[in-house]
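In what follows, a structure is listed as structure tokens, so that the remarks can point back to it.
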Amino acid sequence: MNSVVKKNTEEWKLISKLAEERKSWMNKGDGGKSMMPHSICLALNNYCFMRCHMCDVGAAIRDKDLKDDMMFFYARQTGGEKAYSLPIEDIKNLIDDVASFKPIIRANFLEPLLRDDIAEIARYVSQAGLQFYIQTNGYLLPKHAHALLEAGVRNIRVSVDGPEAVHNDIRGVKDSWKKAMEGLRMVVDWKKRHKVDYPLVGLSFTLSDLNYDTILDFYREIADLNLAEDIYIAFNHLKYSTKAEADEHNATHGNHFNLTETSLSSVDISKIDADVISQQFEALDREFPKDIFKRHVNPLLTKDEMHQWYDGESYLNPETACYEPWTVAQIHFDGEVGINGRCIAPNFGNIREQKFTDIWNSDAAQDFRRLVRKHPDLPSCNRCNRNFRKQT
Numbered sequence: 330m331n332s333v334v335k336k337n338t339e340e341w342k343l344i345s346k347l348a349e350e351r352k353s354w355m356n357k358g359d360g361g362k363s364m365m366p367h368s369i370c371l372a373l374n375n376y377c378f379m380r381c382h383m384c385d386v387g388a389a390i391r392d393k394d395l396k397d398d399m400m401f402f403y404a405r406q407t408g409g410e411k412a413y414s415l416p417i418e419d420i421k422n423l424i425d426d427v428a429s430f431k432p433i434i435r436a437n438f439l440e441p442l443l444r445d446d447i448a449e450i451a452r453y454v455s456q457a458g459l460q461f462y463i464q465t466n467g468y469l470l471p472k473h474a475h476a477l478l479e480a481g482v483r484n485i486r487v488s489v490d491g492p493e494a495v496h497n498d499i500r501g502v503k504d505s506w507k508k509a510m511e512g513l514r515m516v517v518d519w520k521k522r523h524k525v526d527y528p529l530v531g532l533s534f535t536l537s538d539l540n541y542d543t544i545l546d547f548y549r550e551i552a553d554l555n556l557a558e559d560i561y562i563a564f565n566h567l568k569y570s571t572k573a574e575a576d577e578h579n580a581t582h583g584n585h586f587n588l589t590e591t592s593l594s595s596v597d598i599s600k601i602d603a604d605v606i607s608q609q610f611e612a613l614d615r616e617f618p619k620d621i622f623k624r625h626v627n628p629l630l631t632k633d634e635m636h637q638w639y640d641g642e643s644y645l646n647p648e649t650a651c652y653e654p655w656t657v658a659q660i661h662f663d664g665e666v667g668i669n670g671r672c673i674a675p676n677f678g679n680i681r682e683q684k685f686t687d688i689w690n691s692d693a694a695q696d697f698r699r700l701v702r703k704h705p706d707l708p709s710c711n712r713c714n715r716n717f718r719k720q721t
């Protein structure tokens, strides 16, 4: 087992252990209360310059008419037109508040590297004794790589969605692949030069109708750049909600929040062939064995489950409740607190008005956890990859 595989395995086991400790709170009392989360995600700003085909924000940049629809994810992550960044003093106050329970801090939305103070944030988190992860489109990684490495960033994940030509088309930025690879090479070379195992370096590939048949070609291009053995790759099935799912959710749980169709404004799921995806992964396993090349699929689906995932009609929800509401928090760009990533959770409170440690078990947070425990089959959660914890 090479060092990248080994370190990723160790990291995953640790996070799984922390998650299991918190997951147990689902079954305590009425399930409302929770330990402090093992991870806190930060939306450092509400703007991005990419035009990603499978992202509601990117789709709205491509087609300005879509902004009028205020799709759920677009509305949650941007708030509309005005550009805004979470003030650094609020971020520092948050870190001071949570440092005692050692959560992982993950900068995930919208594009963290658009902040000129990103290295200062990373340094503050690291000096507080916490791990700082960052997810980025990678375009500005060459600009920030050295400062982030010196600041002690623990994990850098870059979103790349296919071979060079496919990726650039999906992103709507012609040199986005080149910039991302340049940044990755800088980080990998720095690690080798300093003979260190961290930060872990990874790629995140989201499947869509434009790239589902390019998985093997993508991996070959990464291998041709001599990067494949030094990074991990996460293949993510498209997370989406259909209009029918949104309507069903709003009819039964609209008193909590309203949902819209998500991630489908520029994606035609009828073009995604689950058999081809399965064949691509089988070929990948033969050509790039997992004991050398670290990767996982999220969620790990059988061929039949993949057909159901992409048919837009099947009911897939597991019978057990998703445990993200007990384990991973999300701070939105305006300071509102919710649950990891694109979760449909309503806001629990605002870190600009209260301490996070008070908000996490607020009445609103406990009400949502009770709802999820009582109704693990929420229509809004049907194709959320967070709700399917099988991975490889």
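Numbering (the working numbering), first residue to last: 330 to 721. Heads up, the beta-carbon is just placed ideally off N, CA and C, and yes, glycines get one too. Everything numeric in this text was worked out from a predicted model, so none of it was measured.
- Message: Taking 8 Å as the cut-off, does the stretch 354-369 touch the stretch 642-660 (at least 3 CB pairs, one atom from each stretch)?
- Response: Below 8 Å, enough C-beta pairs join the stretch 642-660 and the stretch 354-369 to call them touching: three or more.
- Message: Suppose only complete runs of 3+ residues qualify. What are the beta strand (DSSP E) ranges in the stretch 400-470, listed by chain order?
- Response: Within the stretch 400-470, the complete beta strand (DSSP E) runs of at least 3 residues are 433-438, 461-465.
- Message: So if DSSP puts I485 in a beta bridge, which residue, or which two residues, is it bridged to?
- Response: Its beta-bridge partners are I463, V530.
- Message: Counting only beta-carbon separations shorter than 8 Å, does I424 have a partner in chain B?
- Response: The chain labelled as chain B is not found in the depicted structure, where only one protein chain is given.
- Item | Inter-residue CB distance, L645 and W638 (contact presumed, cutoff 8 Å) | Indeed, because the Cβ distance is near 6 Å, the residues count as touching under 8 Å.
- Do you know offhand how far D538's Cα is from E574's? So the alpha carbons of these two residues sit roughly 20 Å apart.
- Span of the alpha helix (DSSP H) around L613: Segment 603-616, the alpha helix (DSSP H) holding L613.
- In the DSSP assignment, what are the bridge partners of L371? Assignment of beta-bridge partners to L371 by DSSP yields A436, I660.
- For N694, which residues from the same chain have a beta carbon less than 6 Å from its beta carbon, with the 5 sequence-adjacent residues on both sides left out? The sequence shown places Ala at residue 694, rather than the Asn named in the question. Excluding residues within five positions, the ones whose Cβ falls inside 6 Å are F677.
- Task: Check each candidate in D504, S345, I688 and name the one with the smallest Cα separation from H367.
- Result: For the residues D504, S345, I688, the minimum Cα distance to H367 belongs to S345.
- Compare the Cα-Cα distances from D553 to each of L567, F617, S455, N437 and report the closest residue. If we check each option's Cα against that of D553, F617 comes out closest.
- Let me know if L343 comes out buried or exposed under the rule of 16 or more other beta-carbons within 10 Å of its beta-carbon. Its Cβ having fewer than 16 others within 10 Å, L343 is exposed.
- Tell me the start and end of each unbroken beta strand (DSSP E) in the stretch 636-708 that is at least 3 residues and wholly inside, in chain order. Listed in chain order, they are 657-660, 666-668.
- Query: What does DSSP give as the partner residues of R624 in its beta bridges?
  - Reply: Under DSSP, R624 shares a beta bridge with I562.
- S570 - DSSP class collapsed to helix/strand/coil: Residue state for S570 is assigned as strand, using DSSP reduced to three classes.
- Query: Beta carbon of I485, beta carbon of V525: below 8 Å?
  - Reply: Not in contact: I485 and V525 (Cβ atoms no closer than 8 Å).
- Item | Y548, enclosing alpha helix (DSSP H) - first and last residue | Under the DSSP assignment, Y548 falls in the alpha helix (DSSP H) whose first and last residues are 544-553.
- What is the DSSP secondary structure of R718, reduced to helix, strand or coil? The pLDDT assigned to R718 is 49, lower than 50, so where the model puts this residue is not dependable; a value taken from the coordinates is nonetheless given after this. For R718, the secondary structure class from DSSP, reduced to helix, strand or coil, is coil.
- Residue environment, P416, which counts as buried when at least 16 other CB atoms sit within 10 Å: Per the 10 Å Cβ criterion, exposed.
- Just curious, the alpha helix (DSSP H) that W354 is in, first and last residue? Careful: W354 lies outside any alpha helix (DSSP H) and carries neither H nor E.
- Query: Can you tell me the Cα-Cα spacing of P432 and G458, whole angstroms?
  - Reply: Cα to Cα, P432 sits roughly 10 Å from G458.
- Message: Between which two residues does the alpha helix (DSSP H) holding R514 run?
- Response: DSSP places R514 inside the alpha helix (DSSP H), whose first and last residues are 505-523.
- Selected residue, minimal CA-CA separation from E349, among I680, S599, M364: Closest by alpha carbon: M364.
- Under 8 Å between the Cβ atoms of R391 and G501? Taking 8 Å as the cut-off, the Cβ atoms of R391 and G501 count as close.
- Message: So, at 6 Å on beta carbons, what are the nonlocal neighbours of L478 in its own chain, with the 5 sequence-adjacent residues on each side left out?
- Response: W519.
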